Amino acid sequence: MSIKRYGAEKSGAGGQNLPFARAVEADGWLYVSGQTPMKDGEIVGSNIVEQTHLTIKNVIAILEEAGYGLEHVVRVGVWLDDPRDFWSFNGVYKSYFGEHPPARACVQSSMMVDCKVEIDCVAYKAPEKA
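To convert a position in the sequence shown, counted from 1, into my numbering, add 23.
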């Protein structure tokens, strides 16, 4: 089994090296670390709609870097800072995952950074035969 790590060399907010990879691929499975509405090392967006769009776009960028798409996502984990944002979040989420809805868990949680949403996922694509 081969394991490939994506983005382990990247920096987090304030230029700090983070002790984890953005994603890890093993035998067709891709595990994407929790993504936030971060751009150029800073949290951006003032409301749940803006922050959800950017967070999902960050997830998509990692999926595409590894050769996956939203259609390969089998499970999503969502953390919302405020449960009152649930329905607005769902509206944005559905616009991305509506055609290929994965399994999902969504919980309310205090965030480690000053944002309203964090999303991780697991994707699967059959490995190409050698």
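Think of the CB as a built atom: it goes at the ideal place given N, C-alpha and C, for glycine as much as any other residue.
Quick caveat: nothing in here was measured; it's all calculated off a predicted structure.
Checklist entry - What are the start and end residues of each continuous beta strand (DSSP E) run of 3 or more residues lying completely inside the region 107–150, in chain order? => result Assignment of beta strand (DSSP E) within the region 107–150, counting only whole runs of 3 or more residues, yields 126–131 and 140–147 in chain order.
Item to check | CA nearest to the CA of Glu88, picked from Ala149, Lys152 and Val55 | outcome: Against the sequence shown, residue 88 aligns to sequence position 65. When each option's Cα is compared against that of Glu88, the closest is Val55.
Checklist entry - If you run the structure through DSSP and keep just helix, strand and coil, what is Leu103? => result Reading the sequence shown from its first residue, position 80 is the one you call residue 103. Strand.
Checklist entry - Going by Cα to Cα distance, which pick from Gly100, Met24, Arg45 and Asn81 is closest to Pro124? => result Along the sequence shown, one-based indexing puts residue 124 at 101. When each option's Cα is compared against that of Pro124, the closest is Gly100.
Item to check | Proximity below 8 Å, CB of Lys139 to CB of Leu93 | outcome: As a first step, residue 139 is located in the sequence shown; it is residue number 116 there, counting from the start. As a first step, residue 93 is located in the sequence shown; it is residue number 70 there, counting from the start. No, these two residues do not count as a Cβ contact at 8 Å.
Item to check | Arg28 burial status per 10 Å Cβ neighbour count (16 or more: buried) | outcome: The residue you call residue 28 lines up with position 5 of the sequence shown. Under a 10 Å Cβ-count criterion, Arg28 is classified as exposed, with fewer than 16 other Cβ atoms of the shown protein chains found around its own Cβ.
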